[in-house]
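Residue numbers (my numbering): 5 to 469.
Next comes the structure, spelled out in structure tokens:
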């Protein structure tokens, strides 16, 4: 494991710390791990990192009385790893698709493998019967609508993209798969199959993550004219089946089973939902100050799996999201921090003076975004002060940001905000240097300049006294 670097709070410099080592936090590691590989997720962190935190801060013999919280649960990395090691877990997640993924993953070990094998076979047989004419039609150049049975499911009425999301043959196959999944009588297996379908939707579409959702053509790729939707769905389900066998072995060690609670709500509702001093440890990664639009990037899953039916519902999630989005605050009146932090205030003032000729697309709009983000950080820390037990720790994976060409050390400011809320900043670990920040600096909206800056990722560790 690499040597960690810890922030010296007196000198604001990173120094070698050989007393603690944590594995790489990047979600990339999860693509090979059982259960975690089920759903691709651009902004998660690794199961190995979570395990290192659990081993370092918790005593296994007390696991029956321990409750782990992830206020930004995403697709459930912290929750699943906590469960597999016998801890009770609770997660908050505002994105309906991600909350669904977390819930399905946290309960999947209860599915009987034989029932799942039988269902997979039924899905394959039904899907081949209903979609085989489509492949024949594709080869012969026929109309897909006239060459296959009429599916009951329909494309979501209010889902709009600049180019057709699915090619006609692919769309027809997806609709048939939706029909077949809805015919599954076993609720847990039906939800698992929906999650499997959701995980391959973009893969068979005319869009891709680069890393944000955009058309394949814009990324220099050809559209997907036809795809083996049934084969991909079956392969995903078989992989899930194999992982569930491992999962069940993990969970068989615990009697009774640890509990999992997934709350579909804003993380800032912690204080109104959880009892005071009820959490032993928080392990999480909040949205970064980079305006990555989690809601918009899951629009295909949200609409096609019927979690939302119209854009109004999406706007509600955007407006209530932690840190907001630049698009939701750029045109509001200039705002100020709700807490005193002079260095941060100075940086916000600098941002506001950049590219003033662009109006809300320049510094003024981005200054509003930074203010909204850190005001929510303050609210988050106050919530943590309420729900953490005495001497409990909160581990937040955060990265720095570049806004209008100005670096914002988000991690350090978050630690200082925690101290303003009565928490003790125990340490800040440098986990990795991620990439050169062209995607943040070099956009027509954000900056338009040709500078580069290194983006890094840290673990901010706060402790309640």
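Here a beta-carbon is modelled for each residue, glycine too, at the ideal position from N, C-alpha and C.
Considering only DSSP beta bridges, list what residue i is partnered with.
| i | result |
| --- | --- |
| residue 93 | 72 and 264 |
| residue 130 | The partner list for residue 130 (beta bridge, DSSP) is empty, contrary to what the question assumes. |
| residue 217 | 213 |
| residue 436 | 461 |
| residue 427 | 468 |
| residue 46 | In the DSSP output, where bridge partners are listed per residue, residue 46 has none listed. |
| residue 98 | DSSP lists no partner for residue 98. |
| residue 406 | 411 |
Are the CB atoms of residue i and residue j nearer to each other than 8 angstroms?
| i | j | result |
| --- | --- | --- |
| residue 405 | residue 412 | yes |
| residue 57 | residue 96 | no |
| residue 162 | residue 314 | yes |
| residue 283 | residue 391 | yes |
| residue 87 | residue 94 | no |
| residue 79 | residue 51 | no |
| residue 168 | residue 148 | no |
| residue 376 | residue 355 | no |
| residue 203 | residue 177 | no |
| residue 382 | residue 421 | yes |
| residue 136 | residue 285 | no |
| residue 123 | residue 188 | yes |
| residue 230 | residue 98 | no |
| residue 368 | residue 394 | no |
| residue 402 | residue 418 | yes |
| residue 166 | residue 219 | yes |
| residue 233 | residue 143 | no |
| residue 268 | residue 100 | yes |
| residue 109 | residue 42 | yes |
| residue 387 | residue 274 | yes |
| residue 62 | residue 70 | yes |
| residue 185 | residue 194 | yes |
| residue 373 | residue 325 | no |
| residue 466 | residue 430 | yes |
| residue 127 | residue 197 | yes |
| residue 462 | residue 415 | yes |
| residue 157 | residue 179 | yes |
| residue 90 | residue 257 | yes |
| residue 192 | residue 320 | no |
| residue 226 | residue 214 | no |
| residue 427 | residue 468 | yes |
| residue 1 | residue 39 | Nothing can be reported for residue 1, as the shown portion of the chain is limited to 5 through 469. |
Could you give the first and the last residue of the continuous beta strand (DSSP E) run that contains residue i?
| i | result |
| --- | --- |
| residue 396 | 392-403 |
| residue 412 | 410-412 |
Kindly indicate the opening and closing residues of the alpha helix (DSSP H) around residue i.
| i | result |
| --- | --- |
| residue 56 | 51-61 |
| residue 460 | From DSSP, residue 460 is part of no alpha helix (DSSP H) but of the beta strand (DSSP E) over 458-468. |
| residue 202 | 191-204 |
| residue 86 | 81-88 |
| residue 173 | 172-186 |
For the ligand SAH, is there any heavy atom lying closer than 7 angstroms to the beta carbon of residue i?
| i | result |
| --- | --- |
| residue 150 | Annotation note on the ligand SAH: not contained in the displayed structure, which lists no ligands. |
Stretch pair the stretch 359-367 + the stretch 300-316: three plus CB contacts closer than 8 angstroms:
Contact between the stretch 359-367 and the stretch 300-316 is absent, because fewer than three Cβ pairs lie under 8 angstroms.
Three or more C-beta pairs closer than 8 angstroms, one from the stretch 290-303 and one from the stretch 318-330: is that the case here?
Yes, they touch.
Touch test, the stretch 254-265 against the stretch 204-212, Cβ-Cβ under 8 angstroms, three pairs minimum:
The stretch 254-265, when compared against the stretch 204-212, does not touch it at the 8 angstroms Cβ threshold.
3 or more residues per run - each beta strand (DSSP E) lying fully within the stretch 228-296
Correct list: 264-267 and 283-288.
Counting Cβ pairs, one atom from each stretch, are 3 or more of them under 8 angstroms apart for the stretch 102-119 and the stretch 280-295?
Counting Cβ pairs under 8 angstroms, fewer than three are found: no touch.
Could you tell me which uninterrupted alpha helix (DSSP H) segments, each at least 4 residues in length, are contained entirely in the stretch 298-382, listed from first to last along the chain?
Runs found: 298-301, 303-308, 315-324, 330-333 and 346-356.
Does the structure place the stretch 235-253 close enough to the stretch 191-201 that three or more beta carbon pairs sit under 8 angstroms?
Short answer: they touch.
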